[in-house]
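Trainee: One structure, pasted below without further comment.
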Amino acid sequence: MIFGGQHMKVLKSLLAVGLALSLAVGASGCKREKVVVQDGEVVICTYGEIVSDTTEEIEVSPKDVGNYGVKTSTIKCDLHSKLEDLYADAQKHIEKGDLEAARASLSELLKLDPTYRRARAQLTDIEAGKKPTIDSGTASSDAGGVGGTTGGTPGSTPGTPGTPGTNSGTPGDENPTGPSMNLISYMPDRISGFIGQLPIADAFVLTRDYLPVVPGKITKLVIVAEQFKDNAMAQERLDTTIKTSYPSDAATVQINGRQAYFGARGSVSAVAYVDGAILVVVEAGSTSGDGAAFKTTLIGVASESAP
């Protein structure tokens, strides 16, 4: 979805996902007595950080996979609640013209998070003797953009969690200035025929692997949701990176009334759609060399998982 430096993050993620799915497919020719499944609970802050994680990996018979899984819930953690309160106070002070009070709120906020929304720019204006522009945006209107390197490169075997990405993003023209949207809403704990594993959270990207409840030709599903600055940027990345990564059997499909793209590359296929400033990609690896054969299945998964 993004090119150049940090902007290669999703392209790299997609290539890594494709490699991981291909490896899983290649390994599926060997009979497996046990599979590794994750079980437990994870709590995610609405800003995309893992608050608590009690999950563990368990070896089980393939027929018992459906008895396990990772339950997710979202909260607003104490830190981000405090950041929001301080930022709201600063905006009120700026509106009233009390720049000293605004300076105090912004200074305290920036000690906790030096990249929070427009706090740094507002404090710079105050210190230069200028009245800052009030940030009247909401979490949803400010959210989007590039938030660091993509987290969640899936493991090479079903049930192996990916490695988190690094949160290297800082606010800027293409970076988000508000909290991460609730990306977990695009990846429920269970989808018909599949059980969710531990989500891998980055500041503005969430990735989740899914294992089949009953072993079949699809060895793993991966859902990636990434937040952009706006709808136009999200759509642009779909039209470039996704379509070039999955060029075969290209088709326009519908996901709950949203226009979406389907494409394949060998044994791997994907459905992608844009929802506001969020790009969602649902990918599947299969034992079949023809990923396009799972078009109907992917459309069904994407439709069921979409909020």
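Numbered continuously in my numbering, the sequence shown closes out at residue 308. Glycine included, C-beta positions come from ideal geometry on N, C-alpha and C.
#1: Just grab the DSSP bridge partners of T241 for me.
#2: Is the CB-CB distance between I224 and V275 below 8 Å?
#3: Could you give the distance in angstroms between the alpha-carbon of P308 and the alpha-carbon of T253?
#4: Taking just the CA atoms, how far does L107 sit from P155?
#5: Could you check what DSSP says for Q236 in three-state terms: helix, strand or coil?
#6: Using beta-carbon positions only, say whether L124 and E109 come within less than 8 Å of one another.
#7: Just checking Q236 against the ligand MG - is the residue's beta carbon closer than 7 Å to any of the ligand's heavy atoms?
#8: So I45 and A202 are in contact, right, with Cβ under 8 Å, and what is the actual spacing, rounded?
#9: If you compare alpha carbons, which of A265, A120 and K218 is closest to A251?
#10: Buried or exposed: which applies to K131, given that a residue is buried once 16 or more other Cβ atoms fall within 10 Å of its Cβ?
#11: Sorted by chain position, which residues of the same chain lie with C-beta nearer than 7 Å to S287's C-beta, five sequence neighbours on each side aside?
#12: In the DSSP assignment, find the beta strand (DSSP E) that holds A271 and state where it starts and stops.
#13: Pull up the CB-CB distance for P216 and G194, whole angstroms please, since I reckon it's below 8 Å.
#14: Thinking C-beta only, is T56 closer than 8 Å to L314?
#15: Can L84 and D40 be called in contact, C-beta distance under 8 Å?
#16: Are R121 and L111 close, meaning C-beta to C-beta below 8 Å?
#17: According to the neighbour-count rule (16 or more other Cβ atoms, all chains shown, within 10 Å of its Cβ), is S246 buried or exposed?
#18: Given that a residue counts as buried once 16 or more other Cβ atoms are within 10 Å of its Cβ, and exposed if not, what is G292?
#19: Taking 7 Å as the limit between beta carbons, can you name the residues of its chain near S249, skipping five residues before and five after?
#20: I'd like to know if A252 contacts chain B, where contact means its C-beta is closer than 8 Å to some C-beta of that chain.
#21: Take D99 and list the residues in its own chain whose beta-carbon comes closer than 8 Å to its own, dropping the five residues that flank it on each side.
#22: Cα separation between E96 and R119?
#23: Leaving out five residues before and five after A102 in sequence, what residues of the same chain have Cβ atoms less than 6 Å from its Cβ?
#24: Distance, Cα to Cα, I51 vs A278?
#25: Alpha carbon to alpha carbon, how far is N257 from A89? Give it in angstroms, no decimals.
Mentor: Taking the structure as given:
#1: DSSP lists no partner for T241.
#2: No; because the gap between Cβ atoms is not below 8 Å, this pair is not in contact.
#3: Those two C-alpha atoms are separated by around 20 Å.
#4: Any reading at P155 must be qualified, since the residue scores a pLDDT of 34, below 50, and its modelled position is unreliable; the value itself is stated next. Straight-line Cα distance between these residues: approximately 39 Å.
#5: Three-state DSSP puts Q236 in a helix.
#6: Cβ atoms of L124 and E109: not closer than 8 Å.
#7: Of the ligands one can find in the structure shown there are none, so the ligand MG has no counterpart to examine.
#8: Rounded, the Cβ-Cβ distance is 6 Å, consistent with contact.
#9: Of A265, A120 and K218, the residue nearest in Cα terms is A265.
#10: Exposed, since its Cβ has fewer than 16 Cβ neighbours within 10 Å.
#11: Once the five neighbours on either side are set aside, the close Cβ partners of S287 are V26, K218, I219, T220, S268 and F295.
#12: From DSSP, the beta strand (DSSP E) with A271 extends over V269 to D276.
#13: So it is not a contact: roughly 11 Å between Cβ atoms.
#14: No statement about residue 314 is possible, as the shown extent of the chain runs from 2 to 308 and does not include it.
#15: Cβ atoms of L84 and D40: not closer than 8 Å.
#16: Using a Cβ distance threshold of 8 Å, R121 and L111 count as a contacting pair.
#17: It counts as buried.
#18: So G292 ends up on the buried side.
#19: Cβ within range, chain order: G264, A265, R266 and A293.
#20: Within the model displayed, chain B is absent; a lone protein chain is all it includes.
#21: Closer than 8 Å at the Cβ level, and outside the excluded window around D99, lies no residue.
#22: When only Cα atoms are considered, E96 and R119 end up about 15 Å apart.
#23: Around A102, the same chain offers H94 as residues with beta carbons nearer than 6 Å, after the five sequence neighbours per side are excluded.
#24: The alpha-carbon atoms of I51 and A278 are separated by roughly 22 Å.
#25: If you take the alpha carbons of A89 and N257, they lie about 36 Å apart.
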